[in-house]
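Visitor: Below is a structure I'd like to ask you about.
Spelled out as structure tokens, the structure:
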């Protein structure tokens, strides 16, 4: 069975073992040296033991040799006993000191692990104390703190994303359930009793409207999801060409609403997905005409400014709050009741998703006289530059 | 029963109102939160059916204000049917909660259940003067014989039976059984009571209390 020891015990043990080893070597060496010097030294012995003898009397040779031998053995035995005692004392002292020192060295690490244990997903604000000498442990503390910073930012990002996703799902559910409720209630109420033909026809018409609305919402959600994944194929496109075609096809609708459509289309090359970019411009133009007023106008401009391709669409219309202008790109946000028409509230979210997928920045300003001023600036390299790179 | 329906989806509001009228409720419609509060100021509705996502004033605010007044029972109606939303709705003071889409019969049953809570507890089936009225099945029986009534006649009879012998004025009946489009100077109540008496047959159970209104001896 393996005995698992704490780092502190292991450090203390290692320290003690080192002291014990060195001490033992020292004692052994001393013993050998002493024994050798005792062997070599000539010994003159006299007997001081008989008190009556005024002068020491030399011993006879055999007795003297015996005594010398005994004395040497005594000295060596004494030396080894005392060495062992000293070694034991030193080792015990070393063990105690080692335990204390190991604890002191490991204290910052204990602080780090205690902090890490206190931290949870809800509370990531605490940080590890950084010790004053800029040693390896201070470095470790700083590294851990840096990692905690990154985790905290990551968790905050994730939470924000989750919140917006939950919001989106709730909105999508709401948008899909409302027409479904209309359909269900229309059928339940109309078939409760004996409906006349005209009642049945009205019900069928209302159901068709609700189904159409659901279908538009679903289409919008799918387009939005597709736009968020980004371009599936990318090549050089000129926004001026796309905008020109869209403006041409929208002229009739604009005229029907008495809205004047003006274009200033300078070359605006970009690398991107033509289908998505076409959808983006079409949605913007569609909104600009839909939320306009009779006698109003829409201007579409494409250009390259400061090396960035840009698209600018301005329209007249009802006054918009600056707050509202910011929120218009969120899913299912529509104008107030009465002006929302038959939109499903996803058009500008799709615009936002497509622009983001093409590295475009959107700015949306409420015009002082009413209406909106939307510009999108793209940071992607122009096709010419991209051509040179590849 | 007088019901205020607050719902901003035009066709849906029309169908719910039509369905509830078939079941003998007098229904007014408000398309936004502010209109709902204004209407509830004027008429003491028995039940307010409240959509949560309303323009102008949000449904939550309307719910809180109506609950503070305490005159009407509130049935919340919403497309976000998550548990938290239901808990939120009930916490705001709603008496009941129904998620969209719903079966219309369930809505009617809940409106009736919530409406019963106005005033003292009342039985699901009403009896009085030998007449048995079942609001859920919308049937009226007199001495074992089924009586076919229009929604208005049914509403008047239901109200008089709920009063359990107390007098109900023509104005109260007009308030509770007819919606806001009723002409306050109409003699609709008198005419409806007349046809109701004829349909219920002999012996007459609805008494006219001169200068006060009508009552049914329990």
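Residue numbers (the working numbering), protein chains in the order written: chain A, 1 to 390; chain B, 1001 to 1218. Glycine included, every Cβ here is placed at the ideal spot set by N, Cα and C. It should be emphasised that the depicted structure is a prediction, and the values quoted were computed from it without experimental measurement.
Could you check what DSSP says for residue 8/A in three-state terms: helix, strand or coil?
Guide: helix
Visitor: With residue 365/A as the anchor, note down where its beta strand (DSSP E) starts and where it stops.
Guide: 360-366
Visitor: Assuming residue 185/A contacts residue 1016/B (C-beta within less than 8 Å), just tell me the rounded distance between them.
Guide: 6 Å
Visitor: How would you label residue 1103/B, buried or exposed, when you count the other beta carbons within 10 angstroms and need 16 or more for buried?
Guide: exposed
Visitor: Who are the Cβ neighbours of residue 1002/B in its own chain at under 6 Å, not counting the five residues just before and after it?
Guide: The answer, listed in chain order, is 1026, 1045, 1046 and 1176.
Visitor: Span of the alpha helix (DSSP H) holding residue 69/A?
Guide: Taken as a continuous stretch (DSSP letters only), the alpha helix (DSSP H) holding residue 69/A covers 61-118.
Visitor: Tell me the rounded alpha-carbon separation between residue 374/A and residue 363/A.
Guide: 6 Å
Visitor: With burial defined as no fewer than 16 other Cβ atoms inside 10 Å of the residue's Cβ, what is the status of residue 1068/B: buried or exposed?
Guide: exposed
Visitor: Between residue 1019/B and chain A, is the shortest Cβ-Cβ distance under 8 Å, so that the two count as touching?
Guide: yes
Visitor: Any idea if residue 85/A is buried or exposed, counting beta-carbon neighbours within 10 angstroms, 16 or more meaning buried?
Guide: exposed
Visitor: Whole angstroms is fine: what's the gap from residue 1037/B's alpha carbon to residue 1097/B's?
Guide: 19 Å
Visitor: Kindly indicate the opening and closing residues of the alpha helix (DSSP H) around residue 1106/B.
Guide: 1104-1116
Visitor: Taking the beta carbon of residue 171/A as the centre, do at least 16 other beta carbons fall within 10 Å, making it buried, or is it exposed?
Guide: buried
Visitor: For residue 352/A and residue 269/A, I'd like the C-alpha separation in whole angstroms.
Guide: 19 Å
Visitor: Find the residues of chain B that neighbour residue 178/A, judging by a C-beta separation of less than 8 Å, and give them in chain order.
Guide: Those are 1009, 1012, 1079 and 1100, listed as they occur along chain B.
Visitor: Which partner residues of residue 315/A appear in the DSSP bridge assignment?
Guide: Per DSSP, the beta-bridge partners of residue 315/A are 298/A and 372/A.
Visitor: Kindly provide the ranges of any alpha helix (DSSP H) runs that are 4 or more residues long and lie completely inside the region 1012-1067 of chain B, ordered along the chain.
Guide: 1033-1042
Visitor: Please state the DSSP three-state secondary structure of residue 1206/B.
Guide: strand
Visitor: Can you say whether residue 74/A is buried or exposed, counting buried as having 16 or more other CB atoms within 10 angstroms of its CB?
Guide: The residue in question, residue 74/A, is exposed, as its Cβ has fewer than 16 Cβ neighbours within 10 Å.
Visitor: Give the C-beta separation of residue 1064/B and residue 1092/B to the nearest angstrom, bearing in mind that I take them to be a contact with Cβ-Cβ under 8 Å.
Guide: Confirmed, Cβ separation roughly 5 Å.
Visitor: Kindly indicate which three-state DSSP category residue 1181/B falls into: helix, strand or coil?
Guide: coil
Visitor: Would you kindly report the start and end of the unbroken beta strand (DSSP E) that includes residue 1134/B?
Guide: 1131-1134
Visitor: Considering only the alpha carbon of each residue, which of 36/A, 64/A, 90/A and 283/A lies closest to residue 20/A?
Guide: Selection 36/A, 64/A, 90/A and 283/A evaluated against residue 20/A yields 90/A as nearest (Cα-Cα).
Visitor: Please check if any C-beta of chain B sits within less than 8 Å of the C-beta of residue 345/A.
Guide: Interface flag for residue 345/A against chain B is unset, since no Cβ pair is found closer than 8 Å.
Visitor: Taking the C-alpha atoms as reference points, what is the distance between residue 182/A and residue 1170/B?
Guide: Straight-line measurement puts the Cα of residue 1170/B at about 36 Å from the Cα of residue 182/A.
Visitor: Ends of the alpha helix (DSSP H) at residue 150/A?
Guide: 136-190
Visitor: What does a CB cutoff of less than 7 Å around residue 1182/B pick up in its chain, not counting 5 residues either side in sequence?
Guide: 1174 and 1188
Visitor: So with Cβ pairs under 8 Å, would you call residue 184/A a contact of chain B?
Guide: yes
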